[in-house]
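In our numbering, the protein residues as written are 1 to 362. Heads up, the beta-carbon is just placed ideally off N, CA and C, and yes, glycines get one too. In what follows, a single structure is set out as structure tokens and then discussed.
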Ligand SMILES: NC(=O)c1ccc[n+]([C@@H]2O[C@H](COP(=O)([O-])OP(=O)(O)OC[C@H]3O[C@@H](n4cnc5c(N)ncnc54)[C@H](OP(=O)(O)O)[C@@H]3O)[C@@H](O)[C@H]2O)c1
């Protein structure tokens, strides 16, 4: 097999950790000797020792002379504070194949140079694009201290996310909704605006697939979230977070009522009468929330798009036309086509009866 094929196996292994390892990266590692995989491992929880070390330990055969494949450059220090690079060097492997350098390491810390100095052959950049894509949440967080943001929208053919009465159940197909639950299980958090909570009364949990619930974040400037809402009633996992204005800091009684229900409240400054979105993202990142799936509605989508705070859009288009209704977004202040915001089309899929379009901001 070629290096690319083994790296593909490492990537598939790494994917098994989706939704379980944040804020650490997804890692898959393989040991190959005489063109045979003799050991493998993937990161399965945030508190684990280095995945490469687990692969070394998993081997029942002599490691000497083997090749180690890993999608991400091993970190100098493992989570148990042992020097992961030293352990790999001491294992006497012959070669290490790395998908992509680790953005966390500065040039002096890079393990690649230490492997080379120890006489281990190093090959980097194997399936690099795929390796970066797999860890897009981690890369964004390490480079910017902000979470990776995906806007998930369900629209009709004519770009409406709800009818004139605000009803959006259901624009997209059952298959699309199942896929959304799968996404929720992979992102650290989902986020909605307070109007969507008032109209839709969503649970925002993972129910149609196996997987853990994400944190559930509501932008609620004036602390209007009803204690009778599904979000509050279904907060046994204590994953609900309300982002609200600093102006509410003295509303002790209301705050206590929420806190008694296990709700975390984060106070933020306002910007143009709404919560300061950039500051919201920064404070969520400080809590190790490194990926957010924004589920609407229109006003919240518009805020993200206007401030260029989204990384990606997942647009589910259902083959329906409403004519009137709530548009996908509005108020961007763009008057000419030449000033239109542009995106790169990454992928188009058919999910049930819907088209799923994946876009990245240019
Ligand atoms: N098809 C879909 O994909 C989809 C998904 C979700 C919802 N929906 C539909 O969308 C409709 C509700 O959407 P909507 O556009 O009226 O409201 P929304 O986006 O759900 O909520 C907007 C509200 O959130 C609060 N907010 C606080 N800070 C904000 C900020 N920085 N940016 C944006 N909002 C902020 C503001 O209310 P306060 O000032 O009161 O805090 C704001 O009015 C419903 O009809 C729902 O069914 C459709």
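{"Asked": "Taking a contact to mean a Cβ-Cβ separation below 8 Å, would you say residue 130 touches residue 11 in this structure?", "Found": "yes"}
{"Asked": "State the DSSP-derived secondary structure class of residue 290, mapped to helix, strand or coil.", "Found": "coil"}
{"Asked": "Hey, would you say residue 67 sits closer than 8 Å to residue 27, going by beta carbons?", "Found": "no"}
{"Asked": "With DSSP as the reference, label residue 123 as helix, strand or coil.", "Found": "strand"}
{"Asked": "At a cut of 8 Å, does the stretch 148–167 reach the stretch 303–318 through at least three beta carbon pairs?", "Found": "yes"}
{"Asked": "In whole angstroms, what separates the C-alpha of residue 352 from that of residue 294?", "Found": "22 Å"}
{"Asked": "Does the pairing of the stretch 335–342 with the stretch 166–173 give three or more beta-carbon distances under 8 Å?", "Found": "no"}
{"Asked": "Could you tell me the alpha carbon to alpha carbon distance between residue 270 and residue 232, rounded to whole angstroms?", "Found": "24 Å"}
{"Asked": "Is there at least one non-hydrogen atom of ligand 1 closer than 7 Å to the beta-carbon of residue 174?", "Found": "no"}
{"Asked": "Any chance the CB of residue 203 is under 7 Å from a heavy atom of ligand 1?", "Found": "no"}
{"Asked": "Go to residue 9, then tell me how far its alpha helix (DSSP H) extends in each direction, as first and last residue.", "Found": "3–15"}
{"Asked": "Taking its Cβ as the centre, do 16 or more other Cβ atoms sit within 10 Å of residue 209, making it buried, or is it exposed?", "Found": "exposed"}
{"Asked": "If you draw a straight line from the C-alpha of residue 244 to the C-alpha of residue 267, how long is it?", "Found": "5 Å"}
{"Asked": "Quick check on the burial criterion: 16 or more other C-beta atoms within 10 angstroms. Buried or exposed for residue 324?", "Found": "exposed"}
{"Asked": "Is any heavy atom of ligand 1 found at a distance shorter than 7 Å from the C-beta of residue 259?", "Found": "no"}
{"Asked": "Using a threshold of 8 Å, state whether the C-beta atoms of residue 303 and residue 327 are closer than that.", "Found": "no"}
{"Asked": "Measuring straight from C-alpha to C-alpha, what distance separates residue 334 and residue 272?", "Found": "18 Å"}
{"Asked": "How is residue 58 classed by DSSP in three states: helix, strand or coil?", "Found": "helix"}
{"Asked": "Could you give the first and the last residue of the continuous beta strand (DSSP E) run that contains residue 43?", "Found": "Here residue 43 belongs to no beta strand (DSSP E), and DSSP marks it neither H nor E."}
{"Asked": "Under 8 Å, Cβ to Cβ, is there at least one residue of chain C near residue 362?", "Found": "Within the model displayed, chain C is absent; a lone protein chain is all it includes."}
{"Asked": "Helix, strand or coil for residue 150 per DSSP?", "Found": "strand"}
{"Asked": "Compute every distance between the C-beta of residue 192 and the non-hydrogen atoms of ligand 1, then say whether any falls below 7 Å.", "Found": "yes"}
{"Asked": "Taking 8 Å as the cut-off, does the stretch 199–206 touch the stretch 272–289 (at least 3 CB pairs, one atom from each stretch)?", "Found": "no"}
{"Asked": "Cβ of residue 297 within 7 Å of any heavy atom in ligand 1?", "Found": "yes"}
{"Asked": "Tell me, please, whether the stretch 117–126 touches the stretch 244–261 by the rule of three or more beta-carbon pairs shorter than 8 Å.", "Found": "no"}
{"Asked": "First and last residue of the beta strand (DSSP E) that includes residue 177?", "Found": "From DSSP, residue 177 is part of no beta strand (DSSP E) but of the alpha helix (DSSP H) over 174–186."}
{"Asked": "So what's residue 33 in DSSP terms, helix, strand or just coil?", "Found": "strand"}
{"Asked": "Quick one: using the 10 Å Cβ neighbour count with 16 as the cut-off for buried, is residue 56 buried or exposed?", "Found": "buried"}
{"Asked": "Sort 240, 289, 249 by Cα distance to residue 363 and report the nearest one.", "Found": "Any answer about residue 363 is impossible in this case: the structure gives the chain only from 1 up to 362."}
{"Asked": "Could I get the ranges of all uninterrupted beta strand (DSSP E) runs contained in the stretch 193–256, with 3 residues as the minimum, in chain order?", "Found": "215–219, 240–245"}
{"Asked": "With 16 other CB atoms within 10 Å as the buried threshold, where does residue 237 fall?", "Found": "exposed"}
{"Asked": "Measuring from the CB of residue 220, is there a heavy atom of ligand 1 at a distance below 7 Å?", "Found": "yes"}
{"Asked": "Whose CA, out of 311, 63, 99, 357, lies closest to the CA of residue 6?", "Found": "99"}
{"Asked": "Closest to residue 134 by CA distance: which of 15, 358, 321, 276 is it?", "Found": "15"}
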